[in-house]
Structures are given as structure tokens and as C-alpha cells.
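Asks: So for the sequence shown, full-length UniProt numbering puts the first residue at 1; every next one is plus one.
Glycine is no exception: its CB is placed at the ideal position from the N, C-alpha and C atoms.
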Amino acid sequence: MSRKAALFRIGRDERGATAIEFAFVAPVMFFALMSLLEIGMLGMMSSGLDNAVVETSRLLRTGRDEGATSADAFEIQICERIGGRYASCRDRVTVGVQRFTRFSDANAVAADQPDGQFNRGQAGDIIVVKVNYRWPLMTPFLATAYGREGPMEVTLGSRVAFKNEPYE
Numbered sequence: 001m002s003r004k005a006a007l008f009r010i011g012r013d014e015r016g017a018t019a020i021e022f023a024f025v026a027p028v029m030f031f032a033l034m035s036l037l038e039i040g041m042l043g044m045m046s047s048g049l050d051n052a053v054v055e056t057s058r059l060l061r062t063g064r065d066e067g068a069t070s071a072d073a074f075e076i077q078i079c080e081r082i083g084g085r086y087a088s089c090r091d092r093v094t095v096g097v098q099r100f101t102r103f104s105d106a107n108a109v110a111a112d113q114p115d116g117q118f119n120r121g122q123a124g125d126i127i128v129v130k131v132n133y134r135w136p137l138m139t140p141f142l143a144t145a146y147g148r149e150g151p152m153e154v155t156l157g158s159r160v161a162f163k164n165e166p167y168e
């Protein structure tokens, strides 16, 4: 067999072509699947955080005895309602509960980050509850691909403003 005929035969051989094509497509496909899963998890976590903040804030709004009396107690109540690993929740959550006399004053600080202060106010006071939760991403390898160092995480925020009920 001549050298030219051998090269021609090798050039027409298509065995293994599918495996090579899959090797090119697989990383993109797996990235897309992981991204969809990640977006779903973020949506569920954001909804769970909002629900936990509303339920825990209701204890403050109604003046219930089991309502938190400190920022630490408020964090504990939030983490109990979020579910999951309690210890990691406490490391990731930041709260702030502020008292105001007018809604316009409360509106001015609603977008600020929670600072750990806690003032549940009295009956008739306006309260703004701010909670942030740092959620670690499942796809941290993307950070290193773009030269970013450190943990990859997203901060989920939940805000509630209300006027305390006349519970006195």
C-alpha cells in the first residue's frame, strides 16, 4: 500500500468522531445544566429567606413574648425558619432592625445594608427589618477561570417595613 493511499484511508476514517464532538460540547452542556440548577436553588433560597423574615417580623409587629429581644435572637429565629444547616446559617446571615417615627425616614434607609443593630420599638412605631444572607455558589470554578480569587457567593437580601400593632 502506498503512502498516499494510507493517508487517504486515515482521512476518511470517521471512527471516534462522535467522541471528539462530545468532548467539545460536554463542558458547555454541563455548565448550562449547573447554571439552571444554581438559578433554581437561588430562587428557592430567596423565597425561603423572604418567608422567614416575614414570619419572624410578625412576632415583633404583634408584640408577642416569643419575639426576639436582640439581634442574636433575631438571627436564631431567622435561621430556624430557613432550614438547612443551622451553624452555617448563623455565619452567613446579617440582620438589622431599626425603629422610626415616619415612613419617609424608614424609606431613606431601607436599601442600606443591615448593621446588626436591634430596636424592636413599641406599639405604633415604624420598624424596618433588613436581612442579608450570603449564599455560596455551586460553580466556584468559574471564578478561577476569570482570575477572581476567594469564595464565590451571592448576597440575598430581604426587607420588611411595618407599623407595630397597638399591642399594649
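Since residue 113 and residue 132 are thought to touch, with beta carbons under 8 Å apart, how far apart are those beta carbons, to the nearest angstrom?
Replies: Confirmed, Cβ separation roughly 7 Å.
Asks: Ignore the nearest five residues each way along the sequence and tell me which others in residue 125's own chain have a CB closer than 6 Å to its CB.
Replies: Contacts found: 99, 164.
Asks: Taking 9 Å as the threshold (C-beta atoms), are residue 130 and residue 154 in contact?
Replies: No. Outside cutoff.
Asks: Where does residue 157 sit, in a helix, a strand or coil, going by DSSP?
Replies: Note: residue 157 maps to strand in three-state DSSP.
Asks: Would you please state the rounded distance, in angstroms, between the beta carbons of residue 97 and residue 120? I believe it to be under 8 Å.
Replies: The Cβ separation is near 6 Å, so the contact holds.
Asks: Could you give the distance in angstroms between the alpha-carbon of residue 37 and the alpha-carbon of residue 137?
Replies: Each residue's alpha carbon lies about 11 Å from the other.
Asks: May I have a chain-ordered list of the beta strand (DSSP E) segments no shorter than 3 residues that lie completely inside the stretch 66–124?
Replies: Here the runs fully enclosed are 93–100.
Asks: Cutting at 7 Å between CB atoms, please list the residues of its own chain near residue 158, excluding the five before and the five after it.
Replies: Correct list, in chain order: 49, 50, 53, 131.
Asks: Are the Cβ atoms of residue 161 and residue 107 separated by less than 9 Å?
Replies: Yes, Cβ-Cβ distance for residue 161 and residue 107 is below 9 Å.
Asks: How close, in whole Å, do the beta carbons of residue 34 and residue 139 come, if the pair is a contact with beta carbons under 8 Å?
Replies: Confirmed, Cβ separation roughly 5 Å.
Asks: Is it buried or exposed for residue 77, if we count other Cβ within 10 angstroms and need 16 for buried?
Replies: Burial call: buried.
Asks: Return helix, strand or coil for residue 27, following the three-state DSSP convention.
Replies: Three-state result, residue 27: helix.
Asks: Taking the DSSP output, what are the residues bridged to residue 134?
Replies: Residue 134 pairs with 155.
Asks: What residue from 79, 127, 167 has the CA that sits closest to residue 45's CA?
Replies: Nearest of 79, 127, 167 to residue 45, Cα basis: 79.
Asks: Mind checking whether residue 134 and residue 93 have CB atoms under 9 Å apart?
Replies: Their beta carbons are under 9 Å apart, which means residue 134 touches residue 93 by this criterion.
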